[in-house]
Amino acid sequence: MLRDITLGQYYQTESVIHKLDPRVKLVATICFIISLFVVKSWVGYAVAAVFLAVMIKLSNVPFKYMVKGMRAIVFILLITVVFNLFLTPGETVFSVWKLKITREGVQLAVMMAVRLSFLIVGSSVMTLTTTPNSLTDGMEKLMRPLKIFKVPVHEVAMMMSIALRFIPILLEETDKIMKAQIARGADFESGNLVKKAKALVPLLVPLFISAFRRANDLAMAMEARCYRGGEHRTKMKPLKYAARDRIAYGVLAAYFALCIVVRIYL
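In numbering that gives the first Met the number 0, the protein residues as written are 0 to 265.
Here you go:
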(Lines of atoms letter the chains of each structure in order from A and count residues from 1; the text may use other names and numbers.)
(Lines give C-alpha, C1' and ligand atoms only; values in the text may rest on other atoms or scores of the structure.)
Protein backbone atom coordinates (compact mmCIF):
# COMPACT_ATOMS: atom_id res chain seq x y z
CA MET A 1 0.00 0.00 0.00
CA LEU A 2 2.77 2.45 0.91
CA ARG A 3 4.60 1.86 -2.36
CA ASP A 4 1.42 2.79 -4.23
CA ILE A 5 1.60 6.41 -3.07
CA THR A 6 3.05 8.40 -5.97
CA LEU A 7 2.54 11.92 -4.61
CA GLY A 8 5.88 13.69 -4.23
CA GLN A 9 7.77 11.24 -6.44
CA TYR A 10 9.52 12.25 -9.67
CA TYR A 11 9.44 10.02 -12.76
CA GLN A 12 12.50 10.58 -14.94
CA THR A 13 11.76 10.51 -18.67
CA GLU A 14 11.70 12.78 -21.72
CA SER A 15 8.40 14.44 -22.56
CA VAL A 16 6.79 17.75 -23.49
CA ILE A 17 5.30 18.06 -20.00
CA HIS A 18 8.68 17.49 -18.33
CA LYS A 19 10.19 20.33 -20.36
CA LEU A 20 7.52 22.86 -19.43
CA ASP A 21 8.30 25.64 -16.99
CA PRO A 22 7.30 24.62 -13.43
CA ARG A 23 5.19 27.78 -13.16
CA VAL A 24 3.09 26.58 -16.09
CA LYS A 25 2.53 23.22 -14.44
CA LEU A 26 1.64 24.78 -11.10
CA VAL A 27 -0.87 27.15 -12.69
CA ALA A 28 -2.26 24.33 -14.84
CA THR A 29 -2.75 22.11 -11.79
CA ILE A 30 -4.52 24.87 -9.86
CA CYS A 31 -6.75 25.68 -12.84
CA PHE A 32 -7.54 22.00 -13.39
CA ILE A 33 -8.57 21.58 -9.74
CA ILE A 34 -10.74 24.71 -9.95
CA SER A 35 -12.32 23.45 -13.18
CA LEU A 36 -13.40 20.25 -11.41
CA PHE A 37 -15.53 22.40 -9.10
CA VAL A 38 -16.71 24.67 -11.92
CA VAL A 39 -18.29 21.92 -14.04
CA LYS A 40 -21.52 20.38 -12.80
CA SER A 41 -22.54 18.06 -15.64
CA TRP A 42 -21.26 14.84 -17.18
CA VAL A 43 -20.26 16.79 -20.30
CA GLY A 44 -17.97 18.93 -18.15
CA TYR A 45 -16.40 15.86 -16.54
CA ALA A 46 -15.93 14.36 -19.99
CA VAL A 47 -14.05 17.51 -21.06
CA ALA A 48 -11.89 17.29 -17.92
CA ALA A 49 -11.26 13.57 -18.58
CA VAL A 50 -10.12 14.26 -22.15
CA PHE A 51 -7.83 17.08 -20.99
CA LEU A 52 -6.32 14.89 -18.25
CA ALA A 53 -5.87 11.94 -20.63
CA VAL A 54 -4.01 14.14 -23.13
CA MET A 55 -1.73 15.46 -20.36
CA ILE A 56 -0.96 11.91 -19.17
CA LYS A 57 -0.21 10.84 -22.74
CA LEU A 58 2.12 13.81 -23.31
CA SER A 59 3.92 13.19 -20.01
CA ASN A 60 5.14 9.73 -21.12
CA VAL A 61 4.51 8.47 -17.58
CA PRO A 62 2.97 4.96 -17.66
CA PHE A 63 -0.76 5.12 -16.93
CA LYS A 64 -0.52 2.15 -14.53
CA TYR A 65 2.16 3.94 -12.51
CA MET A 66 0.04 7.06 -12.24
CA VAL A 67 -3.21 5.27 -11.37
CA LYS A 68 -1.67 3.05 -8.70
CA GLY A 69 -1.52 6.11 -6.46
CA MET A 70 -5.31 5.86 -6.26
CA ARG A 71 -5.07 2.73 -4.10
CA ALA A 72 -3.93 4.82 -1.16
CA ILE A 73 -7.17 6.85 -1.15
CA VAL A 74 -9.65 4.00 -1.68
CA PHE A 75 -10.82 4.32 1.94
CA ILE A 76 -11.47 8.06 1.52
CA LEU A 77 -13.33 7.38 -1.73
CA LEU A 78 -15.53 4.78 -0.03
CA ILE A 79 -16.39 7.15 2.83
CA THR A 80 -17.24 9.91 0.35
CA VAL A 81 -19.45 7.63 -1.73
CA VAL A 82 -21.28 6.17 1.29
CA PHE A 83 -21.99 9.56 2.87
CA ASN A 84 -23.32 10.99 -0.37
CA LEU A 85 -25.40 7.89 -1.09
CA PHE A 86 -27.25 7.84 2.23
CA LEU A 87 -27.29 11.50 3.29
CA THR A 88 -28.46 13.20 0.09
CA PRO A 89 -32.21 13.94 0.04
CA GLY A 90 -34.27 13.32 -3.08
CA GLU A 91 -36.19 10.63 -4.97
CA THR A 92 -35.82 7.30 -3.16
CA VAL A 93 -34.46 4.45 -5.28
CA PHE A 94 -33.75 1.85 -2.58
CA SER A 95 -34.35 1.80 1.18
CA VAL A 96 -33.36 -0.52 4.03
CA TRP A 97 -34.67 0.19 7.53
CA LYS A 98 -34.05 3.93 8.09
CA LEU A 99 -31.42 4.17 5.37
CA LYS A 100 -32.39 5.17 1.88
CA ILE A 101 -30.52 5.70 -1.37
CA THR A 102 -31.77 8.48 -3.60
CA ARG A 103 -31.31 9.13 -7.29
CA GLU A 104 -29.64 12.45 -6.49
CA GLY A 105 -27.40 10.69 -3.95
CA VAL A 106 -26.19 8.17 -6.52
CA GLN A 107 -25.44 10.93 -9.01
CA LEU A 108 -23.63 13.08 -6.43
CA ALA A 109 -21.65 10.10 -5.08
CA VAL A 110 -20.41 9.17 -8.54
CA MET A 111 -19.53 12.77 -9.36
CA MET A 112 -17.64 13.21 -6.08
CA ALA A 113 -15.70 9.99 -6.67
CA VAL A 114 -14.79 11.08 -10.20
CA ARG A 115 -13.84 14.57 -8.99
CA LEU A 116 -11.59 13.24 -6.22
CA SER A 117 -9.95 10.73 -8.58
CA PHE A 118 -9.26 13.41 -11.19
CA LEU A 119 -7.89 15.71 -8.49
CA ILE A 120 -5.38 13.12 -7.25
CA VAL A 121 -4.27 12.01 -10.72
CA GLY A 122 -4.02 15.61 -11.93
CA SER A 123 -1.82 16.56 -8.97
CA SER A 124 0.31 13.47 -9.58
CA VAL A 125 0.99 14.59 -13.15
CA MET A 126 2.64 17.74 -11.76
CA THR A 127 4.75 16.02 -9.09
CA LEU A 128 5.77 13.12 -11.36
CA THR A 129 7.01 15.47 -14.10
CA THR A 130 8.65 18.16 -11.95
CA THR A 131 11.68 17.89 -9.70
CA PRO A 132 11.41 19.27 -6.13
CA ASN A 133 13.98 21.99 -6.91
CA SER A 134 11.97 23.14 -9.93
CA LEU A 135 8.80 23.15 -7.85
CA THR A 136 10.51 25.35 -5.26
CA ASP A 137 11.65 27.84 -7.90
CA GLY A 138 8.23 27.86 -9.56
CA MET A 139 6.33 28.42 -6.31
CA GLU A 140 8.72 31.16 -5.26
CA LYS A 141 8.27 32.98 -8.57
CA LEU A 142 4.48 32.67 -8.49
CA MET A 143 4.22 33.84 -4.89
CA ARG A 144 6.58 36.80 -5.35
CA PRO A 145 3.71 39.38 -5.26
CA LEU A 146 3.02 38.27 -1.68
CA LYS A 147 6.26 39.91 -0.60
CA ILE A 148 4.32 43.17 -0.57
CA PHE A 149 2.48 41.80 2.47
CA LYS A 150 5.77 40.76 4.16
CA VAL A 151 5.18 37.07 3.45
CA PRO A 152 8.47 35.06 3.56
CA VAL A 153 7.94 33.65 0.07
CA HIS A 154 11.28 31.85 -0.24
CA GLU A 155 10.93 30.15 3.13
CA VAL A 156 7.35 29.03 2.39
CA ALA A 157 8.34 27.62 -1.00
CA MET A 158 11.32 25.84 0.55
CA MET A 159 9.16 24.26 3.27
CA MET A 160 6.62 23.02 0.72
CA SER A 161 9.38 21.58 -1.46
CA ILE A 162 11.04 19.81 1.49
CA ALA A 163 7.66 18.41 2.56
CA LEU A 164 7.09 16.97 -0.94
CA ARG A 165 10.62 15.56 -1.05
CA PHE A 166 10.22 13.91 2.35
CA ILE A 167 7.03 12.03 1.35
CA PRO A 168 8.77 9.21 -0.61
CA ILE A 169 11.64 9.13 1.92
CA LEU A 170 9.28 8.66 4.88
CA LEU A 171 7.25 6.07 2.95
CA GLU A 172 10.41 4.07 2.30
CA GLU A 173 11.38 4.40 5.98
CA THR A 174 7.90 3.24 7.04
CA ASP A 175 8.16 0.20 4.77
CA LYS A 176 11.53 -0.75 6.28
CA ILE A 177 10.24 -0.37 9.85
CA MET A 178 7.13 -2.44 9.06
CA LYS A 179 9.22 -5.25 7.61
CA ALA A 180 11.52 -5.16 10.64
CA GLN A 181 8.55 -5.29 13.04
CA ILE A 182 6.90 -8.12 11.10
CA ALA A 183 10.17 -10.07 11.23
CA ARG A 184 10.00 -9.70 15.03
CA GLY A 185 6.45 -11.05 15.17
CA ALA A 186 4.34 -7.89 14.85
CA ASP A 187 0.91 -8.30 13.25
CA PHE A 188 -0.56 -5.32 11.39
CA GLU A 189 -3.32 -7.12 9.49
CA SER A 190 -5.47 -9.23 11.85
CA GLY A 191 -7.95 -7.97 14.43
CA ASN A 192 -10.53 -5.19 14.46
CA LEU A 193 -9.92 -1.50 13.88
CA VAL A 194 -8.89 -0.83 17.50
CA LYS A 195 -6.35 -3.67 17.52
CA LYS A 196 -4.91 -2.50 14.21
CA ALA A 197 -4.56 1.03 15.61
CA LYS A 198 -2.75 -0.30 18.69
CA ALA A 199 -0.47 -2.38 16.48
CA LEU A 200 0.66 0.81 14.74
CA VAL A 201 2.16 2.26 17.93
CA PRO A 202 5.45 0.29 17.60
CA LEU A 203 5.58 1.61 14.01
CA LEU A 204 4.81 5.28 14.67
CA VAL A 205 7.32 5.81 17.48
CA PRO A 206 10.47 4.88 15.48
CA LEU A 207 9.00 6.64 12.41
CA PHE A 208 8.64 9.92 14.31
CA ILE A 209 12.14 9.55 15.75
CA SER A 210 13.53 8.91 12.26
CA ALA A 211 11.64 11.90 10.84
CA PHE A 212 12.96 14.26 13.53
CA ARG A 213 16.48 12.90 13.07
CA ARG A 214 16.32 13.47 9.30
CA ALA A 215 14.95 16.98 9.80
CA ASN A 216 17.75 17.77 12.26
CA ASP A 217 20.39 16.40 9.90
CA LEU A 218 18.97 18.48 7.05
CA ALA A 219 18.98 21.64 9.18
CA MET A 220 22.58 21.05 10.29
CA ALA A 221 23.68 20.38 6.68
CA MET A 222 22.04 23.61 5.46
CA GLU A 223 23.63 25.57 8.32
CA ALA A 224 27.06 24.00 7.72
CA ARG A 225 26.85 25.13 4.08
CA CYS A 226 25.95 28.67 5.21
CA TYR A 227 22.57 28.47 3.52
CA ARG A 228 20.74 31.79 3.52
CA GLY A 229 17.49 32.25 1.64
CA GLY A 230 16.12 35.58 0.52
CA GLU A 231 16.48 38.37 -1.98
CA HIS A 232 20.17 38.03 -2.80
CA ARG A 233 20.18 34.30 -3.43
CA THR A 234 20.95 33.49 -7.08
CA LYS A 235 19.72 30.57 -9.21
CA MET A 236 21.93 28.16 -11.11
CA LYS A 237 19.12 27.72 -13.68
CA PRO A 238 16.93 30.85 -13.77
CA LEU A 239 13.38 30.23 -14.96
CA LYS A 240 12.59 31.61 -18.39
CA TYR A 241 9.44 31.16 -20.43
CA ALA A 242 9.86 29.47 -23.82
CA ALA A 243 7.52 29.29 -26.80
CA ARG A 244 6.10 25.96 -25.60
CA ASP A 245 5.18 27.55 -22.26
CA ARG A 246 3.16 30.29 -23.97
CA ILE A 247 1.41 27.67 -26.08
CA ALA A 248 0.64 25.70 -22.91
CA TYR A 249 -0.90 28.82 -21.33
CA GLY A 250 -3.04 29.25 -24.42
CA VAL A 251 -4.25 25.64 -24.29
CA LEU A 252 -4.97 26.01 -20.58
CA ALA A 253 -6.98 29.21 -21.17
CA ALA A 254 -8.98 27.49 -23.92
CA TYR A 255 -9.70 24.52 -21.65
CA PHE A 256 -10.84 26.70 -18.77
CA ALA A 257 -13.01 28.81 -21.08
CA LEU A 258 -14.60 25.62 -22.42
CA CYS A 259 -15.36 24.49 -18.85
CA ILE A 260 -17.09 27.81 -18.15
CA VAL A 261 -19.13 27.53 -21.36
CA VAL A 262 -20.16 23.99 -20.43
CA ARG A 263 -21.12 25.20 -16.93
CA ILE A 264 -23.31 27.97 -18.34
CA TYR A 265 -25.01 26.24 -21.26
CA LEU A 266 -24.99 22.50 -20.39
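From the three backbone atoms N, C-alpha and C, an ideal C-beta is built for every residue, glycine too.
Using a Cβ distance threshold of 8 Å, Gln-11 and Pro-167 do not count as a contacting pair. The C-alpha of Arg-245 lies about 20 Å from the C-alpha of Ser-34. Assignment of beta-bridge partners to Val-95 by DSSP yields Leu-98. For Asp-186, the three-state secondary structure derived from DSSP is coil. Judged by their CB atoms, Gly-43 and Cys-258 are nearer to each other than the 8 Å cut-off. For Gly-137, the enclosing alpha helix (DSSP H) has its first and last residue at 131 to 141. With contacts defined by Cβ atoms closer than 8 Å, Arg-102 and Val-92 form a contacting pair. By the Cβ rule, the segment 78 to 95 does not count as touching the segment 140 to 150, because fewer than three pairs are nearer than 8 Å.
Closest in C-alpha terms to Leu-203, from the list Ala-214, Thr-173 and Ile-181, comes Thr-173.
Taking 8 Å as the cut-off, the Cβ atoms of Ile-32 and Leu-118 count as close. Judged by DSSP secondary structure, Cys-258 falls within the alpha helix (DSSP H) whose first and last residues are 242 to 264. Between Leu-134 and Ser-160, the C-beta spacing is below 8 Å. Within 10 angstroms of the beta-carbon of Arg-22 lie 16 or more other beta-carbons, which makes it buried.
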